[in-house]
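S.K.:
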DNA sequence: GTAGGGTTAG
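Numbering (the UniProt record's numbering), first residue to last: 1 to 517.
1) Could you tell me whether the Cβ atoms of residue 142 and residue 129 are closer together than 7 Å?
2) Give the secondary structure of residue 438 by DSSP, where H, G and I count as helix, E and B as strand, and everything else as coil.
3) Classify residue 113 as helix, strand or coil using the three-state DSSP reduction.
4) So, under 8 Å CB-CB, residue 273 and residue 308 are touching, yes? Tell me the CB distance rounded to an integer number of Å.
5) Rounded to whole angstroms, what's the CA-CA distance from residue 452 to residue 403? Just pull it up for me.
6) Counting only the same chain and skipping the five closest in sequence on each side, list residues whose C-beta sits under 7 Å from that of residue 166.
7) Quick check: residue 448 and residue 417, are their CB atoms within less than 7 Å of each other?
8) Ordered along the chain, which non-local residues of its own chain (more than five positions away) have a Cβ less than 7 Å from that of residue 14?
9) Hey, residue 383 and residue 350: beta-carbon distance below 7 Å or not?
10) Output yes or no for whether 7 Å exceeds the beta carbon distance between residue 109 and residue 80.
11) Kindly indicate which three-state DSSP category residue 552 falls into: helix, strand or coil?
12) In this structure, does DSSP put residue 452 in helix, strand or coil?
13) Quick check on residue 458: buried or exposed, where buried means 16 or more other Cβ atoms within 10 Å of its Cβ?
14) Could you give the C-beta distance for residue 341 and residue 377, rounded to a whole number, given that I count them as a contact under 8 Å?
15) Hey, would you say residue 185 sits closer than 7 Å to residue 177, going by beta carbons?
16) Tell me which residue opens and which closes the alpha helix (DSSP H) that residue 309 is part of.
17) Would you kindly work out how many angstroms separate the C-alpha atoms of residue 210 and residue 247, rounded to a whole number?
18) Between the alpha carbons of residue 335 and residue 125, how many angstroms are there, rounded?
19) For residue 190, does the count of other Cβ atoms within 10 angstroms reach 16, so buried, or fall short, so exposed?
20) In this structure, does DSSP put residue 395 in helix, strand or coil?
21) Taking only the alpha-carbon atoms, compute the straight-line gap between residue 227 and residue 298 and give it to the nearest angstrom.
22) Assuming contact is defined by CB atoms lying nearer than 7 Å, are residue 175 and residue 161 in contact in what I supplied?
23) Among residues of its own chain, excluding the 5 on either side of residue 327, which ones have a beta-carbon nearer than 7 Å to its beta-carbon?
24) Mind reading off the beta-carbon distance from residue 271 to residue 239? Whole number of angstroms is fine, and I expect it under 8 Å.
25) By Cβ distance, which residues of its chain are closer than 8 Å to residue 263, with the 5 residues on each side in sequence left out?
26) Pick helix, strand or coil for residue 251, following the three-state DSSP scheme.
27) Assign residue 16 to one of three DSSP states: helix, strand, or coil.
28) Residue 193 by DSSP, collapsed to three states: which one?
29) Nearest by alpha-carbon distance to residue 35: which of 168, 137, 86 and 55 is it?
30) Round the Cβ separation of residue 282 and residue 310 to the nearest angstrom and send it over; I've been treating them as touching at under 8 Å.
31) Here's a check: name, in chain order, each residue in its chain whose Cβ is nearer than 8 Å to the Cβ of residue 414, leaving out the five neighbours to either side.
32) Looking at residue 75: is its Cβ nearer than 7 Å to the Cβ of residue 83?
33) For residue 144, tell me which candidate among 119, 236 and 133 has the shortest Cα-Cα distance.
34) So, with DSSP's three-state summary, where would you put residue 427?
35) Return the residue from the list 428, 429 and 406 that minimises the CA-CA distance to residue 439.
36) Where are the alpha helix (DSSP H) runs, 4 residues long or more, that stay fully inside the stretch 339-368, in chain order?
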């Protein structure tokens, strides 16, 4: 729940402190430190900046430290606009002078934003207020420019740094690699004078992310020292390419060399098992977690397990793991709901979705996509319609093209063509070809020529996208009266789509080779 | 406080 390096308070303790602050009766001298503790802790919770905001807004005159905690929180939460809003408030309304910490957090918030406009503005403020001398701030600037793809600016700062340190070099190496310029990254790596383990790992990661595993392995073998991250970088590199056997070999090698795999190792391997349908290997990894006396399953590992079982079609075990998890989040629920929906257990899927709402887990657009898919497959029209409106009205989620195609498909199958058309007419954006095609197919099935003709007209007029060939085909079939042709083609598309999503063909029956622990 | 691995759902 709490990020590395932050104050270690349980969520319950936090709420208690907050309660005391609200109720009052605390001596003024103790008030400020308590507020600071609470805020710095609360702002480091995963994804709960809403709560931090409440605490922050309840503080009469927040000081520099408190503003910084908020900027840091928003930076971690990936909310640059909010981070800047706090910055503006502290400099304008509160008339506080930002310090080096402020800029480090602010620069982290805008690292990676497309273009470096926001970052350049911070750069200006850094220069104006004389913080360019600060090594942390300068490196944060270099990192920001490198992450934004402005390697020129990053290199200028690196040059100005004089005795440049390895942190700045590593940041620029990552920047080159992120733009796909592995050669430039390697050149810098070779030129770097004081390489440390992170620097080596950065270069390893550059090769691994680009699938150059031979080079990654070669560098790995030459590295003067290794840590868990080095091992994970290699394992993840293989895993990301679906090279499960290679990943497992390195995994074995790692343990033989006396290293203990961590969560990242396990999650990488499980995700590879899920993507390659290697159910038995996934089971063995799961089993080993128990053998290694790690019966506690964190939410991330739990989610990876649930997802692996669900994707491999073992819904029974997916639900079993789900039931043993202490904490669940929207990812856990979506894995189960989606897994059930796509493996023909629609009623169960809907049941889980309803349970999720009862448990006050806020569904997102993926949750609705999964459950609408379930309703569509099982013909649960009433549930489907309710969920569709719930999504818009209760949760404020604007349906996207996929949601529409689910609901139109569902109504179409049930013969409720007019209802489907009404929903399409109320779409905020133009219905996509997929949606019109779905309606067309349903019109054919239920013999609704009026709407069918309309759908055909629409399809013929939207041949500008990649589905143009197919659209034209539908049009030809439809216009020549061969309704059957439209439906046949649509069905074959559906079949291809479903096969790809379920991945049945790839699910193995034997482990891909995992040595005994 | 600056640089590295994993994040699972369609």
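Glycine included, each C-beta is placed from N, C-alpha and C at the ideal position.
Note that this is a predicted model, so its numbers are computed, not measured.
M.R.: According to the structure shown:
1) no
2) helix
3) coil
4) Under the criterion of beta carbons closer than 8 Å, residue 273 and residue 308 qualify as touching, at roughly 5 Å.
5) In a straight line, the C-alpha of residue 452 is about 21 Å away from that of residue 403.
6) 192, 194, 195, 196 and 199
7) yes
8) 38, 41 and 42
9) yes
10) yes
11) Past the edges of the chain, shown from 1 to 517, lies residue 552, and the structure says nothing about it.
12) Secondary structure at residue 452: helix, using DSSP grouped into helix, strand and coil.
13) buried
14) 7 Å
15) yes
16) 299-311
17) 16 Å
18) Separation of residue 335 and residue 125 (C-alpha to C-alpha, rounded to the nearest whole angstrom) is 45 Å.
19) Residue 190 is exposed by the Cβ-count criterion.
20) In this structure, residue 395 counts as coil in the three-state DSSP scheme.
21) 22 Å
22) no
23) Within its own chain, the residues whose Cβ lies closer than 7 Å to the Cβ of residue 327, once the five positions on either side in sequence are excluded, are 299, listed in chain order.
24) With a Cβ gap of about 7 Å, residue 271 and residue 239 count as contacting.
25) 298, 300 and 301
26) In the structure shown, residue 251 falls within a helical segment according to DSSP collapsed to helix, strand and coil.
27) helix
28) coil
29) 55
30) Not really, about 11 Å apart at Cβ, beyond 8 Å.
31) 379 and 381
32) yes
33) 119
34) coil
35) When each option's Cα is compared against that of residue 439, the closest is 406.
36) 346-358
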